[in-house]
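In this text, residue positions in the sequence shown follow our numbering: the first is 3, and each later residue adds one.
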Amino acid sequence: MQKYELLKSDGLVDLLEEVNSTHGIFDVNGDNFRWRHVALFEALQSIIISNERTEIHERICDSFDRMSEMSVGDVQHAKHYSMAGKWNEACDKYMESGIVASHSFNFVDAVACYEEAKKCLVQSARPSLK
């Protein structure tokens, strides 16, 4: 099942399409929704309370979890897990992203991913590294 179909079955894509048709805040390219401007994201982020943001990211992560063909090393997936407070999953995704980046000789991004993974470990309940 494609990523877009899973998000559509959750109603999230319908909601994004409705908001975009009303307000035009996203650039849509196939099944990718990108903020038209970072200021729009920052304004919306300041309005939505923390619990709602976490719930939105949990819904996105639940869709990722049901996907059979999730792209390995996608740092955006790691960010969603982190924002949902799913620290162990976020750590794993950041590590995968770091490995993918290092295999393409993008060592700056690899280090950034490993640093984010370390932050997730501190937040997680993994007792071996606390």
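Yeah, the Cβ is synthetic: ideal placement off N, Cα and C, and Gly gets one too.
message: Let's see if you can read the secondary structure: which residues bound the alpha helix (DSSP H) around Arg-55?
response: 52-68
query: Of the residues Ala-112, Ser-84 and Val-30, which one's Cα is nearest the Cα of Ser-126?
result: Ser-84
- request: Inspect the beta-carbon positions of Leu-111 and Ala-119 and report whether they are closer than 8 angstroms.
  value: Going by the sequence as given, residue 111 is Asp instead of Leu. Not a contact, by the Cβ cut-off of 8 angstroms.
field: Contacts around Ser-115, its chain only, beta-carbon distance under 8 angstroms, and the 5 residues preceding and following it disregarded
entry: Looking at the sequence itself, residue 115 is Cys, so the reference to Ser does not match. Once the five neighbours on either side are set aside, the close Cβ partners of Cys-115 are Val-77, Ala-80, Tyr-96, Met-97, Ser-99, Gly-100 and Ala-103.
query: Helix or strand or just coil, what does DSSP make of Asp-94?
result: helix
task: Kindly identify the DSSP beta-bridge partner or partners of Arg-36.
output: Asp-29
- prompt: Distance, Cα to Cα, Thr-24 vs Glu-44?
  reply: 19 angstroms
- prompt: By how many angstroms is the C-alpha of Glu-54 removed from the C-alpha of Val-15?
  reply: 17 angstroms
- prompt: When you compare each of Val-40, Val-21 and Glu-91 to His-59 by their alpha carbons, which one comes out closest?
  reply: Glu-91
- prompt: Expressed to the nearest angstrom, what Euclidean distance is found between the alpha-carbon atoms of Phe-35 and Leu-46?
  reply: 15 angstroms
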